Each structure stands twice: as C-alpha cells, then as structure tokens.
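I have placed the structure first, in the form of structure tokens, so that the comments after it can refer back to it.
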Amino acid sequence: MTATALKRVFRLSSLELVDPAPDLPPEDAIKLYAPSYPQLEIATLGEPFIEKGVQVFEVSKETVKTKG
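Position 51 (the sequence shown) corresponds to 245 in our numbering; numbering is contiguous.
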C-alpha cells in the first residue's frame, strides 16, 4: 500500500487556483498569489474538504469595514 499526497487547490468564488507551493502550509502558499490577487493578502481559508480526489480550500474574502 502506498500513500500519495493530495493535490491542493484554492477556490475563490468560481476561480480555482492550483497550489503554487505544495511544500508550504496552505496559509503561506495562498499568499504567493497576492501580487495577482491582492484580496488574498487578507483572505482566510476555510476547512479543507476532498472533492474528486483533490483537497479544496475555500477562500473567504474579508469584508472591508468603514466607520459611519
């Protein structure tokens, strides 16, 4: 029996981003996309789930709060 690592993807709405650095923790790997997707700098990751043999992390964009 052999174990294989699952491929990771990050889902931002309908956009799926392939994990750019599988050796990094997911929180660090998603930040590598920040130059192209600035909203990821403050985004949070949901709990991962398995879908069709792929580990999926839902990305939640933080809402910008303004005072008054």
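The beta carbon of each residue, even a glycine, is placed where N, CA and C say it ideally should be. Being a predicted model, the structure only gives us computed values, none of them experimental.
* What are the start and end residues of the beta strand (DSSP E) that includes LYS225? -> Segment 220-225 is the alpha helix (DSSP H) holding LYS225; no beta strand (DSSP E) there.
* **Simplified DSSP assignment, three categories, for GLU241** => coil
* How should ASP217 be labelled, buried or exposed, when 16 other C-beta atoms within 10 angstroms of its C-beta is the threshold for buried? -> exposed
* Is the Cβ-Cβ distance between LEU239 and GLU221 less than 9 Å? -> yes
* Beta-bridge partners of GLU210, as assigned by DSSP -> ARG205
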